[in-house]
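Chains as they are written, first to last, in our numbering: chain A, 311 to 516; chain B, 311 to 516; chain C, 311 to 516; chain D, 311 to 516. Backbone N, C-alpha and C define an ideal beta-carbon position, used for all residues, glycine too. Each remark here refers to the structure printed beneath this line.
There are 4 protein chains.
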Amino acid sequence: MGRREDNKARKLAALEQAATRLFMEQGYHRASIEQIVAEAGIARGTFYLYFPDKAAIFKHLTNQLLDPVMAALERATAALEHAGSLSETQAVYLEMSRALTEALLENGEAALLYYREQRDPGEIGEWLRVRSRHFDAVVTELVRSLMDRRMLRVADPKVVAMAIIGAIHHIAFAFLSGEPFEDPEAIGTTLVQLYGQGLVLPDAEG
Amino acid sequence: MGRREDNKARKLAALEQAATRLFMEQGYHRASIEQIVAEAGIARGTFYLYFPDKAAIFKHLTNQLLDPVMAALERATAALEHAGSLSETQAVYLEMSRALTEALLENGEAALLYYREQRDPGEIGEWLRVRSRHFDAVVTELVRSLMDRRMLRVADPKVVAMAIIGAIHHIAFAFLSGEPFEDPEAIGTTLVQLYGQGLVLPDAEG
Amino acid sequence: MGRREDNKARKLAALEQAATRLFMEQGYHRASIEQIVAEAGIARGTFYLYFPDKAAIFKHLTNQLLDPVMAALERATAALEHAGSLSETQAVYLEMSRALTEALLENGEAALLYYREQRDPGEIGEWLRVRSRHFDAVVTELVRSLMDRRMLRVADPKVVAMAIIGAIHHIAFAFLSGEPFEDPEAIGTTLVQLYGQGLVLPDAEG
Amino acid sequence: MGRREDNKARKLAALEQAATRLFMEQGYHRASIEQIVAEAGIARGTFYLYFPDKAAIFKHLTNQLLDPVMAALERATAALEHAGSLSETQAVYLEMSRALTEALLENGEAALLYYREQRDPGEIGEWLRVRSRHFDAVVTELVRSLMDRRMLRVADPKVVAMAIIGAIHHIAFAFLSGEPFEDPEAIGTTLVQLYGQGLVLPDAEG
DNA sequence: AATGAATGAGAGTTCATTCAT
DNA sequence: AATGAATGAACTCTCATTCAT
Numbered sequence: 311m312g313r314r315e316d317n318k319a320r321k322l323a324a325l326e327q328a329a330t331r332l333f334m335e336q337g338y339h340r341a342s343i344e345q346i347v348a349e350a351g352i353a354r355g356t357f358y359l360y361f362p363d364k365a366a367i368f369k370h371l372t373n374q375l376l377d378p379v380m381a382a383l384e385r386a387t388a389a390l391e392h393a394g395s396l397s398e399t400q401a402v403y404l405e406m407s408r409a410l411t412e413a414l415l416e417n418g419e420a421a422l423l424y425y426r427e428q429r430d431p432g433e434i435g436e437w438l439r440v441r442s443r444h445f446d447a448v449v450t451e452l453v454r455s456l457m458d459r460r461m462l463r464v465a466d467p468k469v470v471a472m473a474i475i476g477a478i479h480h481i482a483f484a485f486l487s488g489e490p491f492e493d494p495e496a497i498g499t500t501l502v503q504l505y506g507q508g509l510v511l512p513d514a515e516g
Numbered sequence: 311m312g313r314r315e316d317n318k319a320r321k322l323a324a325l326e327q328a329a330t331r332l333f334m335e336q337g338y339h340r341a342s343i344e345q346i347v348a349e350a351g352i353a354r355g356t357f358y359l360y361f362p363d364k365a366a367i368f369k370h371l372t373n374q375l376l377d378p379v380m381a382a383l384e385r386a387t388a389a390l391e392h393a394g395s396l397s398e399t400q401a402v403y404l405e406m407s408r409a410l411t412e413a414l415l416e417n418g419e420a421a422l423l424y425y426r427e428q429r430d431p432g433e434i435g436e437w438l439r440v441r442s443r444h445f446d447a448v449v450t451e452l453v454r455s456l457m458d459r460r461m462l463r464v465a466d467p468k469v470v471a472m473a474i475i476g477a478i479h480h481i482a483f484a485f486l487s488g489e490p491f492e493d494p495e496a497i498g499t500t501l502v503q504l505y506g507q508g509l510v511l512p513d514a515e516g
Numbered sequence: 311m312g313r314r315e316d317n318k319a320r321k322l323a324a325l326e327q328a329a330t331r332l333f334m335e336q337g338y339h340r341a342s343i344e345q346i347v348a349e350a351g352i353a354r355g356t357f358y359l360y361f362p363d364k365a366a367i368f369k370h371l372t373n374q375l376l377d378p379v380m381a382a383l384e385r386a387t388a389a390l391e392h393a394g395s396l397s398e399t400q401a402v403y404l405e406m407s408r409a410l411t412e413a414l415l416e417n418g419e420a421a422l423l424y425y426r427e428q429r430d431p432g433e434i435g436e437w438l439r440v441r442s443r444h445f446d447a448v449v450t451e452l453v454r455s456l457m458d459r460r461m462l463r464v465a466d467p468k469v470v471a472m473a474i475i476g477a478i479h480h481i482a483f484a485f486l487s488g489e490p491f492e493d494p495e496a497i498g499t500t501l502v503q504l505y506g507q508g509l510v511l512p513d514a515e516g
Numbered sequence: 311m312g313r314r315e316d317n318k319a320r321k322l323a324a325l326e327q328a329a330t331r332l333f334m335e336q337g338y339h340r341a342s343i344e345q346i347v348a349e350a351g352i353a354r355g356t357f358y359l360y361f362p363d364k365a366a367i368f369k370h371l372t373n374q375l376l377d378p379v380m381a382a383l384e385r386a387t388a389a390l391e392h393a394g395s396l397s398e399t400q401a402v403y404l405e406m407s408r409a410l411t412e413a414l415l416e417n418g419e420a421a422l423l424y425y426r427e428q429r430d431p432g433e434i435g436e437w438l439r440v441r442s443r444h445f446d447a448v449v450t451e452l453v454r455s456l457m458d459r460r461m462l463r464v465a466d467p468k469v470v471a472m473a474i475i476g477a478i479h480h481i482a483f484a485f486l487s488g489e490p491f492e493d494p495e496a497i498g499t500t501l502v503q504l505y506g507q508g509l510v511l512p513d514a515e516g
């Protein structure tokens with residue numbers, strides 16, 4: 311890498327870091343280009359050499375999370391079509407879980423941006439909602455596939471998918487925003503149990 | 311009602327209607343006072359005879375939903391303390407469900423505003439998040455109460471409460487935004503089943 | 311006085327009191343009609359039954375000070391023309407001092423308004439400056455008259471008059487604004503001595 | 311100086327000139343940013359590249375007078391502490407007079423702004439009054455110092471200082487506002503005589 | 001006589017984007 | 001490649017005054 315490319319890469323990284331911090335702290339609309347370039351240590355006009363406009367850097371940042379997530383979901387969907395046996399199917403879900411967890415852990419900040427701006431009207435929000443609807447659809451298909459294979463109780467798969475996604479959004483947004491939880495590491499287990507066995511006690515059903 | 315009061319009431323209604331429509335369409339920040347008064351057919355300064363500032367009309371609109379919701383939750387919490395038998399407890403939850411459903415059906419638009427702006431940084435978002443955290447807390451207590459009475463499987467009540475609320479937010483926001491659902495009337499039943507029995511089939515557990 | 315006139319007089323008094331307080335506290339421009347009528351306990355439109363506009367009530371209030379002051383100065387000027395002997399001349403000045411002191415003591419608040427708004431651009435300030443220039447001119451004539459009679463050292467009477475008036479404005483404004491003075495009651499004596507004998511010590515002159 | 315810096319300097323000068331003229335003509339509050347930038351020939355937003363807000367340009371303009379004045383007073387105060395002999399003391403006052411006169415002559419317009427807005431309620435007026443009170447205090451100390459050295463008749467130094475300052479304000483404001491004086495160049499001498507020997511004739515005292 | 005709802009011009013300030021240097 | 005000066009539309013909010021009731 312030449313000195314020029316190196317310099318460019320450093321400035322891009324500075325822009326990404328500054329924009330992430332400011333979008334997280336103040337939201338997409340309140341964080342101004344002025345603030346971002348000041349924090350990145352470059353000039354106002356230089357910003358536009360790296361991104362065509364303000365929306366572009368936001369999309370760039372969230373794509374660092376959304377692209378691998380989307381890829382993992384699509385890989386899983388494709389793999390499921392060819393998965394015959396139960397163990398093959400389970401392997402697909404295991405790999406998907408691993409990939410999703412990795413993507414989230416590596417891009418937790420982008421996840422917060424994704425949750426934050428998703429209901430914004432205007433261009434950015436609509437762009438995120440297109441992604442969001444896609445996720446809903448893909449997860450819906452995964453759920454439907456499991457129901458078809460009698461691995462899950464039959465119900466409206468879209469509602470089930472969105473319930474799960476919505477739960478994760480709400481809890482993750484609160485958690486990433488600093489809301490305290492008694493046993494943060496147990497949140498995943500609690501959700502798995504909730505969506506697995508439900509809340510009603512077996513003997514209460516009788 | 312005299313002609314003047316009548317006129318005032320009509321203008322207030324026009325303001326409410328215009329603001330609701332514009333906040334829904336463009337969000338709180340992009341909808342300008344100028345647009346609101348233009349659509350309501352009044353002068354710019356007249357707005358400030360009805361509300362002290364822009365935030366006030368937003369709070370007024372969302373309170374039409376949040377106040378009855380909060381009241382229903384508080385009534386339920388209070389009633390639970392004196393509910394001894396199982397049937398009394400069930401009656402409390404039934405009444406709460408009824409009141410919440412009624413509030414939501416009568417103020418669907420305010421609900422959309424509530425979901426939309428909840429993650430906004432700045433004053434409005436923070437105001438909504440205070441309410442939101444309150445709801446989380448109240449629902450958490452309701453869940454904890456049921457667990458204490460052995461009416462629900464024991465789990466972290468805060469996570470359970472937030473999972474339910476998050477699911478409702480996500481689905482309601484999509485639904486109110488026009489997202490199509492195959493069987494909208496069955497959404498409630500699906501969620502009750504999901505959170506009741508869970509997704510795993512009984513024979514898959516063995 | 312009938313009940314109607316009585317009522318009117320009470321409202322006028324309330325308006326005067328409220329306007330004086332608010333003009334003193336916030337200045338003419340920042341004090342709004344809205345604040346004044348609220349404090350006076352009457353309706354916004356009612357204000358315009360008592361005064362044609364905002365400037366009118368200010369002029370009304372300051373006139374309570376300026377009219378007697380102007381009258382005292384004019385009486386003195388007229389009396390001086392017919393005063394032949396030294397003792398008659400002294401009597402004229404004595405009476406003028408008494409009248410001015412009385413006017414100021416009875417309308418200290420109006421005096422603060424007069425000092426405060428005198429340099430305001432716009433209508434109110436210009437109106438006050440016309441009065442102010444008149445005072446300068448009248449006092450100049452008084453000084454000139456004393457010099458002509460060899461009762462004062464000869465100097466440019468206008469400069470002397472304005473120096474005296476300016477000194478009083480500056481000190482009175484500070485005093486009325488709460489600035490602390492070591493011996494407030496001695497201020498008058500100090501000024502009389504200052505303008506009488508000057509600052510230079512006799513033995514320093516030699 | 312490059313073309314850009316040159317251009318910037320020209321715009322700053324245009325802003326200063328326009329703001330000075332408009333503040334003088336209409337006062338701080340009535341002169342709008344819109345008017346200032348129109349007269350300076352720049353765009354509205356460009357104003358904020360030169361000054362953070364409206365108050366800043368006013369402070370900038372008046373500081374061109376107040377800073378040298380304050381500096382001259384502080385230099386005199388410091389020099390007085392080390393001045394032993396009478397001739398040294400006189401030299402200090404002479405130099406102070408020279409510096410003050412120079413500052414005033416070079417910034418007559420700023421002086422008018424200073425006098426004009428000094429009694430304004432609100433931020434600008436309070437900012438000026440802090441300066442004004444500082445001047446009063448410094449001049450008071452100078453007067454006290456002269457009295458201590460028996461170079462002046464003993465009297466309350468604060469009252470004397472404020473009388474002198476008030477006289478100058480009143481006369482300078484009128485003069486700078488275009489009020490005609492018979493012999494403007496003699497104003498200084500007249501004041502020196504007034505505060506030196508006073509008005510009362512020696513033989514009238516006997 | 002009294003009310004108070006209504007007006008609309010005008011204020012200061014912010015900000016994404018452009019472009020000459 | 002990099003700069004940062006310049007733009008101007010858009011924003012929320014204030015206020016003296018009018019006038020139908």
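Reduced DSSP category for residue i - H, G, I as helix; E, B as strand; rest coil
i: E515 of chain A; result: Its pLDDT being 45, under 50, E515 of chain A is placed unreliably by the model, and the measurement read from it follows with that caveat. Helix, per DSSP.
i: M461 of chain A; result: coil
i: I343 of chain C; result: helix
i: P467 of chain D; result: helix
i: I434 of chain A; result: helix
i: L375 of chain B; result: helix
i: V510 of chain A; result: coil
i: R518 of chain A; result: For chain A, the structure presents residues 311 to 516; residue 518 of chain A sits outside this window and is missing.
i: A382 of chain B; result: helix
i: R429 of chain A; result: coil
i: I497 of chain C; result: helix
Span separating the alpha-carbon of residue i from that of residue j
i: V440 of chain C; j: N417 of chain C; result: 20 Å
i: L390 of chain C; j: T450 of chain C; result: 14 Å
i: R459 of chain A; j: I352 of chain A; result: 56 Å
i: A514 of chain B; j: I343 of chain A; result: Residue placement at A514 of chain B cannot be trusted, given a pLDDT of 49 that sits under 50; what the coordinates show is reported in the next sentence. So the alpha carbons of these two residues sit roughly 55 Å apart.
i: M461 of chain D; j: Y505 of chain D; result: 13 Å
i: V379 of chain A; j: A324 of chain B; result: 45 Å
i: T500 of chain A; j: A365 of chain B; result: 38 Å
Residue-level contact to chain B via CB, residue i, 8 Å cutoff
i: H392 of chain A; result: no
i: R459 of chain A; result: no
Residue-chain proximity (residue i, chain D), Cβ-Cβ < 8 Å
i: Y425 of chain C; result: yes
i: I434 of chain C; result: no
i: I346 of chain C; result: no
i: T500 of chain C; result: yes
Proximal residues of chain D, C-beta to C-beta of residue i below 9 Å
i: D316 of chain C; result: Chain D residues near D316 of chain C: none, gap ~35 Å exceeds 9 Å.
Interface residues of chain A facing residue i [CB-CB closer than 8 Å]
i: K468 of chain B; result: F491 and E492
i: R454 of chain B; result: Result: empty, since nearest Cβ-Cβ is about 12 Å, beyond 8 Å.
C-beta neighbour in chain C for residue i, strict 8 Å
i: Y505 of chain D; result: yes
i: M380 of chain D; result: no
Beta carbon proximity, residue i to chain A, threshold 8 Å
i: F305 of chain B; result: The structure shown does not extend to residue 305 of chain B, since chain B is modelled only from 311 through 516, so no value can be given for it.
Neighbouring residues, chain A, relative to residue i (Cβ below 7 Å)
i: Q336 of chain B; result: P431
Contacts that residue i makes with chain C (C-beta to C-beta distance below 7 Å)
i: T387 of chain D; result: Simply none; closest approach about 19 Å.
Amino acids of chain C, ordered along the chain, whose beta-carbon sits closer than 9 Å to that of residue i
i: G508 of chain D; result: R463, Q503, L504, Y505, G506, Q507, G508, L509 and V510
Closer than 8 Å at the beta carbon, the chain C residues around residue i
i: I367 of chain D; result: The premise fails here: I367 of chain D is roughly 17 Å from chain C at the closest Cβ pair, so nothing lies under 8 Å.
Under 9 Å from the C-beta of residue i: neighbouring residues of chain A
i: H479 of chain B; result: G476, H479 and H480
Residues of the segment 393 to 416 of chain C in Cβ contact with chain D at a cutoff of 9 Å, in chain order, please.
Those would be none; no residue qualifies.
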